[in-house]
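Data block below; observations after.
4 protein chains.
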Amino acid sequence: MDFTVSDKMQTILKMINEFVEKELFPLEKEFVKKDFHELLPLIREKQKMVREMELWAPIYPPELGGMGLSMVDHAMVSEALGRSPLGHFVFWCQAPDAGNAEILHMYGTKEQKERWLAPLVKGDIRSCFGMTEPDMPGSNPVMLGTRAVRDGSDYIINGHKWYTTAADGSQFCIVMAVTNPEAPTYAQASMIIVPTDTPGFNLVRNIPVMGHEGTDYASHGEILLQNCRVPAENLLGQEGHGFIMAQDRLGPGRIHHCMRWLGICHRSFDLMCQRANFRKITRDDQTLASRHIVQQWVAESAAEIQSARLMTLHAAWCIDQVGAAKARDEISAIKFYVAGIMQKVIDRALQVHGGLGMTDDTILAYFFRHERAARIYDGADEVHKTAMARRILKRYA
Amino acid sequence: MDFTVSDKMQTILKMINEFVEKELFPLEKEFVKKDFHELLPLIREKQKMVREMELWAPIYPPELGGMGLSMVDHAMVSEALGRSPLGHFVFWCQAPDAGNAEILHMYGTKEQKERWLAPLVKGDIRSCFGMTEPDMPGSNPVMLGTRAVRDGSDYIINGHKWYTTAADGSQFCIVMAVTNPEAPTYAQASMIIVPTDTPGFNLVRNIPVMGHEGTDYASHGEILLQNCRVPAENLLGQEGHGFIMAQDRLGPGRIHHCMRWLGICHRSFDLMCQRANFRKITRDDQTLASRHIVQQWVAESAAEIQSARLMTLHAAWCIDQVGAAKARDEISAIKFYVAGIMQKVIDRALQVHGGLGMTDDTILAYFFRHERAARIYDGADEVHKTAMARRILKRYA
Amino acid sequence: MDFTVSDKMQTILKMINEFVEKELFPLEKEFVKKDFHELLPLIREKQKMVREMELWAPIYPPELGGMGLSMVDHAMVSEALGRSPLGHFVFWCQAPDAGNAEILHMYGTKEQKERWLAPLVKGDIRSCFGMTEPDMPGSNPVMLGTRAVRDGSDYIINGHKWYTTAADGSQFCIVMAVTNPEAPTYAQASMIIVPTDTPGFNLVRNIPVMGHEGTDYASHGEILLQNCRVPAENLLGQEGHGFIMAQDRLGPGRIHHCMRWLGICHRSFDLMCQRANFRKITRDDQTLASRHIVQQWVAESAAEIQSARLMTLHAAWCIDQVGAAKARDEISAIKFYVAGIMQKVIDRALQVHGGLGMTDDTILAYFFRHERAARIYDGADEVHKTAMARRILKRYA
Amino acid sequence: MDFTVSDKMQTILKMINEFVEKELFPLEKEFVKKDFHELLPLIREKQKMVREMELWAPIYPPELGGMGLSMVDHAMVSEALGRSPLGHFVFWCQAPDAGNAEILHMYGTKEQKERWLAPLVKGDIRSCFGMTEPDMPGSNPVMLGTRAVRDGSDYIINGHKWYTTAADGSQFCIVMAVTNPEAPTYAQASMIIVPTDTPGFNLVRNIPVMGHEGTDYASHGEILLQNCRVPAENLLGQEGHGFIMAQDRLGPGRIHHCMRWLGICHRSFDLMCQRANFRKITRDDQTLASRHIVQQWVAESAAEIQSARLMTLHAAWCIDQVGAAKARDEISAIKFYVAGIMQKVIDRALQVHGGLGMTDDTILAYFFRHERAARIYDGADEVHKTAMARRILKRYA
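Residue numbers (my numbering), protein chains in the order written: chain G, 1 to 397; chain X, 1 to 397; chain V, 1 to 397; chain C, 1 to 397.
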């Protein structure tokens, strides 16, 4: 057993950490206050710097211009970027583009790669992923209402999607739709590339989430597909393989999210400790840090973050060793475990800040309201616990 | 021991509940989306209906046009109104105006009452209360940086306040300021009425709270008092009595808040149960309500709400019987206890709603982000626990 | 709404509290160390004193020599007695005898009352209640393996019971057995009085619970009924009414238990506060009471106990007003709510005692290990939550 | 980063696991029921088997006949042994002997090693460690009342100890006593070897812990040292170095305990899953395993155990890499974190067992009551959290 981080990774992480602190933390007040699209010019500048440092899209495979990191190293990069809500986007590792690129890389035809993947990894276009449906439990990817029917050399797609993250401003959407309704449950759906300017692909609204509709990348779209016609060559992979391909992006995606959450934990923890040291609460200048209850929160948070971090790195290591399919339990466990700890850590950090914590003068209030979603998306906590427990209990039968 | 609610109160509560459901619930989507001042015309209509039903300002004493309710009955009214974020405002029972009116009623001179109290209870003007300061722990009302210095027949006030709720659009502010810096700690501060158009009374900004600066009543102001000069007759009560008068509003204010939170609990609970019954999660139409974990949340929430409710009603009863000063423990306890339960209940209700819970399509996301403040304002949980425990432990010495 | 306790009850409770403190607390060290039957002579002395004070069996109806208390008053008596594990037994209000007496009083024939009830309420004999079975979920009273078959003028009973509390030394057992296996589920079982010296009624062992088998009243028996023959006139109430009669004892029994647990909470809380004040932890004589984390526990425990207490008294009041059947939700809620709070309060009190808390030098270690059962007997927490939630959710359908 | 376990260790762990399951699990019912000394003959047989398997005292350095394991490997051995309360004793790795042997090995003179260490590692004698005092906070090793005064070539020791684990039947005790009361706080105490048959070394009683005084190894002694005279050559290490030497045993001792607790977690988890699969709760044979709430417990427990395990292995690895002194935070964190998780896991397993869980028919009730001490000994949770937090907060200053 060896917990050593390689020298190379230590160097990369140091560079990223410094960049995030120096270049991105100061942008956050604007980020919280303004529409995302207003921020884009500033973000483009920072992205230019990232390219110049040769840290662009670090989690991508080398053939796509990335660093070809192992899952463990990928994880630590995601953690460093996660300390700011702008980190992943500025370094071009953001969901759902990263996952879409991976799918295109694995399953795309030469033409699909040229048209969609190449500009995507360069940062010239953005994309979205249309899976979740308002009338279906998001946690159950085999329950889909969207249908794609073959009509000559085209597919005609009808359906209703929401929580299509970053649809606003995307050039294409990978849509999950049932193509084979008579097939067995897990073989009914396919992935189809739908350019967002296709007639019948309607972005109804950016969903108002926690008080904001958002814009551009920082938004979640509700989409109506109404007789939306795309050529059959836009099928990604094989018909009926949609669910299997979705599973492929799950393992790495989970690591990605969990380590991003750990970045948020680190940031919140830092802010908590700094505030506790700074805030005077008595006339003789005792600080919040002198209070045992604050100390309990510091110690508990440190322990919980450490435990969640090791668990996620271990899950990443399992994926590196045996693949995501055999690491299902490890991957399920981190989903709910890390999300739960993040919520606790943010909550304590906010409480230590008192009234200030409720304001947008720190990033904590943003974390508090938006990261609440972590316990819901990609399968609610309860769904993962149930699935994981059933597998475990079977082994005891 | 008798938990009966009088027939009269049952009738009043029924009227309020129906009005809130029928007239206010439908306004909430606008409330969450728009600036408060845009909503004012609609709100004025509803307020007119309330006056016509003779339910205007029900918690005020009869001589101010209210119903002269006992604290227990007052509590139940606040609970009913709390189910909507618009309830208290539409029925004109909202903080901080209710507390300010009470202070003016108890301590105001005839002239002060005529000029400020009369239009306030009628709903013609609004007011704010300037106590909390950004550089001082909000939980410690004896630590104030604001100074009011006597200069001839005037006071000149300098200081920095924030979280001055509803300052935007208020006609006057009751400012807590140190007038007697040499006096013992609890006798240093006074309350002074400051018209908001006084030169030197500067509303710097509406603080951005959980993503929104808000407007008008739905805002929290940051205020700089810079050589702000008001006539000495604006002193409210006696010099040095500011802290004692602030305590007076504490007991009833606490009941008011806690029962409002219980209203939020009821609302969240209702939404949770309705959603659990409605949301199908399997192909054979099983609902979330069939899941034991959801059932656990329903049962636990019901029990917790009931326990918190009885505790708050008991504290109200104690105030009715022996006064707020002798009911300090009861009042401290509900502050943190009810706030904690509210946060849990909202969190569960949101989780049951899944992705929908994160959106502003229900009121839950608003409750989730804004009512987080309940564990902070009027003294953070930890401050109340410490104060209460010290009193208790002394009795065992 | 009125939380006043009558003068009469205040006097009774004061007498009980003083007696428990002065006469019973000192016995506890022996109680924890010795077999219960060794303690009986000492206990008999205390019971004599209770009779002389005319406080014998206070919760019984007047016609049985008790005080005929309302359920609310009964509850407060149980709370006072619960502060010591000897309280209920010394005042002769202990389970399962109190419940058995109630059943006999309500359903017994004249002969049954003369033979069993009269000596039971006088304290001349003891009894047990044979319901729970090792092979059946204790939480489901309609799943019973024990069979009673009519044979001429007798019943022949076969079955396997356990957790038959206080079987050791009992003169009779009220056995729940299926008499009508073809009847609808809730009409299959009957209650039959079985003298414990009946051939075929075999006390296999006192179950070792938390390290001790116990003796006499302080024990839980495992019983094999092997062709155990009793005359048909030992049937209690009507054939097939066993389940309904069992429900009758449920409401009051629940109040009884919950208030006993609250007595345990009060005792543990007192010990915690006393220890916190006493225990020095630094060279300059600071005590545990000066630590904020201990203060948090004190405040949280005080609030939780208060909330649980009011909830239980309210449930008792509901039983007084509308009967147990209509107060099912209130009764379900207190079962799991109060048990959970008791476990937390005991745990904190133990922690404040450090190593001492693990020893039998205080009563806390006894409470910690034995009262863990509160979350299990009479239906596990989870069972009550599920049942209660289903009733609630139905109302939202 | 590499989580691989070496082939050699996998083999050793497999052997230990099988032995523990096959030979020790069946002894546990006797262990719970009988005095430990009655069990000794049976235990000796098992120890003989362990020697024959060449697994005797595996955690000792090779020069003491052990395997010279790294701290990480040592940790995994302790985990495997911890699944049974008899594991460590049968494999001769039990506290406090293991720690005492280590101290003697590091600091003992040749004569001390011959007389005490040699028979100790062979299993011919046992020992105890006299540190904790009833009148001093156990968590503060620099507060000691015991005094050792030099008198000619002897020390005369007076003091009062308790929780001297396994004193009953020990041949010697390493006593912590103040020898240099004028020295700085951390340089006042020394360790002195006191043969237990020395006049003035009085084992007052075995402390009754959770209902049992215990005997022999399974006991905690209260000891009065009354003018207890030992030759000065019994001093272990140097005068005034007692505290530093105690720290030396801390790091490894902590790993040892935490991994033992993880063994208890694994065992409890296994029992929970087995019971959930076995226990039928409906007439159509649904089991507890089908209940979502049980599934939540299974998944949460699995995740928590995994997180605690990785954290402890990481702390062990840090000790291997940089020594215990530099791994203080890692070592503090596991103390409270693992203890807390163990308590939760045991509690859930017990709850799943229902009434059976309260009995001594499984090992869970033993774990429940005795392992509650984990949050207290070697420094209560709160003490570790405070110490750890203060170090962390300083880094942010």
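Virtual Cβ for every residue (Gly too), placed ideally from N, Cα, C.
Keep in mind the model is a prediction, meaning the values are calculated, not measured.
**Request:** Measure the C-alpha to C-alpha separation of residue 193(G) and residue 125(G) and round it to an integer number of angstroms.
**Result:** As a position in the first sequence, residue 193(G) is number 193, starting the count at 1. As a position in the first sequence, residue 125(G) is number 125, starting the count at 1. Rounded to the nearest angstrom, the two C-alpha atoms are 14 Å apart.
**Asked** Hey, is the segment 69 to 78 of chain V in contact with the segment 241 to 256 of chain V, meaning 3+ C-beta pairs nearer than 8 Å?
**Response** yes
**Message:** In the DSSP output, which residue or residues are listed as bridge partners for residue 231(V)?
**Reply:** To locate residue 231(V), count along the third sequence from 1; it is residue 231. According to DSSP, which records beta bridges pairwise, residue 231(V) is partnered with 154(V).
**Asked** Using a threshold of 6 Å, is the CB atom of residue 314(X) nearer than that to any non-hydrogen atom of the ligand NAD?
**Response** This structure does not include the ligand NAD; it has no bound ligands of any sort.
**Asked** Secondary structure at residue 77(X), three-state DSSP: helix, strand or coil?
**Response** As a first step, residue 77(X) must be located in the second sequence, where it is residue number 77. In the structure shown, the three-state DSSP call for residue 77(X) is helix.
**Request:** Quickly, what does DSSP pair residue 205(V) with across the bridge? List them, please.
**Result:** Within the third sequence, the letter at position 205 stands for residue 205(V). Per DSSP, 222(V).
**Asked** In chain order, which continuous runs of the beta strand (DSSP E) of length 3 or greater are located wholly inside the segment 289 to 315 of chain G?
**Response** The segment 289 to 315 of chain G contains no whole beta strand (DSSP E) run of 3 or more residues.
**Within chain V, partners of residue 296(G) - CB distance below 8 Å** = Locating residue 296(G) in the first sequence gives position 296, counting from the first residue. Within 8 Å Cβ-Cβ: 293.
**Request:** Using only alpha-carbon positions, find the residue among 220(G), 147(G), 306(G) that is nearest to residue 129(G).
**Result:** As a first step, residue 129(G) must be located in the first sequence, where it is residue number 129. Of the listed residues, the one whose Cα sits closest to residue 129(G) is 220(G).
**chain G contact residues for residue 137(X), given Cβ-Cβ distances below 8 Å** = Counting from 1 along the second sequence, the entry for residue 137(X) is found at position 137. Within 8 Å Cβ-Cβ: 279, 280, 281, 354.
**Asked** To which residues does DSSP link residue 280(C) through a beta bridge?
**Response** Looking up residue 280(C) in the fourth sequence gives position 280. 287(C).
**Asked** Are the segment 311 to 331 of chain G and the segment 327 to 346 of chain C touching by the rule of at least three beta carbon pairs closer than 8 Å?
**Response** no
**Prompt:** Between the C-alpha atoms of residue 160(V) and residue 262(V), what's the straight-line distance to the nearest angstrom?
**Reply:** As a position in the third sequence, residue 160(V) is number 160, starting the count at 1. As a position in the third sequence, residue 262(V) is number 262, starting the count at 1. So the alpha carbons of these two residues sit roughly 33 Å apart.
**Message:** Can you confirm whether the segment 18 to 36 of chain X touches the segment 352 to 366 of chain X when touching is taken to mean that 3 or more C-beta pairs between the two stretches lie within less than 8 Å?
**Reply:** yes
**Asked** Unbroken beta strand (DSSP E) runs of length 3 or more, entirely within the segment 340 to 378 of chain C: which are they?
**Response** DSSP runs (the beta strand (DSSP E)) wholly in the segment 340 to 378 of chain C: none.
**Asked** Name the chain G residues whose beta carbon is nearer than 7 Å to that of residue 385(C)?
**Response** Counting from one through the fourth sequence, the residue named residue 385(C) turns up at place 385. Within chain G, the C-beta atoms nearer than 7 Å to that of residue 385(C) come from 295, 296, 299, 300, in chain order.
**Prompt:** So is residue 265(C) in contact with chain G if we call contact Cβ pairs under 7 Å?
**Reply:** Walking along the fourth sequence from the start, residue 265(C) turns up at place 265. Not closer than 7 Å to any Cβ of chain G, the Cβ of residue 265(C) fails to qualify, so no.
**Request:** Can you say whether residue 190(G) is buried or exposed, counting buried as having 16 or more other CB atoms within 10 angstroms of its CB?
**Result:** Here the question's residue 190(G) lines up with position 190 in the first sequence. Buried.
**Asked** Any residues in the segment 201 to 220 of chain V with a beta carbon nearer than 7 Å to a beta carbon of chain C? Which ones, in chain order?
**Response** If the cut-off is 7 Å between Cβ atoms, the segment 201 to 220 of chain V has 207, 208, 209, 210, 211, 212 near chain C.
**Request:** Could you pull out every residue in the same chain whose Cβ sits closer than 6 Å to the Cβ of residue 265(G), ignoring the five residues on either side in sequence?
**Result:** Here the question's residue 265(G) lines up with position 265 in the first sequence. For residue 265(G), where only same-chain residues beyond five positions count, the Cβ hits under 6 Å are 305, 342, 345.
**Prompt:** Per DSSP, which one or two residues make a beta bridge with residue 174(C)?
**Reply:** Residue mapping note: residue 174(C) aligns to position 174 of the fourth sequence, counting from 1. DSSP output for residue 174(C) lists 129(C), 193(C) as bridge partner(s).
**Asked** How do the segment 98 to 115 of chain V and the segment 268 to 280 of chain V stand: do at least 3 beta-carbon pairs fall below 8 Å, yes or no?
**Response** no
**Asked** Of the residues 243(G), 172(G), 174(G), which one's Cα is nearest the Cα of residue 180(G)?
**Response** Reading the first sequence from its first residue, position 180 is the one you call residue 180(G). It is 243(G) whose Cα lies nearest to the Cα of residue 180(G).
**Message:** Counting only beta-carbon separations shorter than 7 Å, does residue 1(X) have a partner in chain V?
**Reply:** Stepping through the second sequence from its first residue, residue 1(X) is reached at position 1. Yes, residue 1(X) counts as interfacial toward chain V.
**Request:** With DSSP collapsed to three states, give me the class of residue 34(V).
**Result:** Position 34 of the third sequence holds residue 34(V). Correct three-state label for residue 34(V): coil.
**Prompt:** Does the beta-carbon of residue 227(X) have 16 or more other beta-carbons within 10 angstroms, so that it is buried, or is it exposed?
**Reply:** Your numbering for residue 227(X) matches position 227 in the second sequence. Exposed is the call here.
**Beta-carbon neighbours of residue 226(V), restricted to chain C and to distances below 9 Å** = Here residue 226(V) refers to the residue found at position 226 when the third sequence is read from its first residue. Identification of chain C residues near residue 226(V) by a Cβ-Cβ cut-off of 9 Å yields none; the smallest Cβ-Cβ distance measures about 21 Å.
**Prompt:** Can you name, in chain order, every residue of its own chain whose Cβ lies under 7 Å from the Cβ of residue 209(C), other than the five neighbours on each side?
**Reply:** Counting from 1 along the fourth sequence, the entry for residue 209(C) is found at position 209. Taken in chain order, the residues that qualify are 220.
**Prompt:** In three-state DSSP terms, what is residue 163(G)?
**Reply:** One-based indexing of the first sequence puts residue 163(G) at position 163. Residue state, collapsed to three classes: strand.
**Item:** Chain-ordered chain G contacts of residue 365(X) [CB-CB under 9 Å]
**Value:** As a first step, residue 365(X) must be located in the second sequence, where it is residue number 365. The answer, in chain order, is 208, 209, 210, 211, 369, 372.
**Asked** On the three-pair Cβ rule with 8 Å, is the segment 299 to 318 of chain G touching the segment 301 to 318 of chain C?
**Response** In this structure the segment 299 to 318 of chain G lies against the segment 301 to 318 of chain C, because at least three pairs of beta carbons, one per stretch, are closer than 8 Å.
**Prompt:** At a Cβ threshold of 7 Å, is residue 305(V) touching chain C?
**Reply:** On the third sequence, residue 305(V) is found 305 positions in, with the first residue counted as 1. No, residue 305(V) lies away from the interface with chain C (no Cβ there is under 7 Å from its Cβ).
**Minimum C-alpha distance to residue 381(X) - residue among 353(G), 122(G), 367(G)** = Locating residue 381(X) in the second sequence gives position 381, where the first residue counts as 1. Looking at the Cα atoms, 353(G) is the closest of the given residues.
**Item:** Nearest residue (CA-CA) to residue 391(G), options 144(C), 296(C), 311(C)
**Value:** As a first step, residue 391(G) is located in the first sequence; it is residue number 391 there, counting from the start. Taking only the C-alpha atoms, the option nearest residue 391(G) is 296(C).
**Message:** Does residue 5(X) come out as helix, strand or coil in the three-state DSSP assignment?
**Reply:** Locating residue 5(X) in the second sequence gives position 5, where the first residue counts as 1. Residue 5(X): coil per DSSP, three-state reduction.
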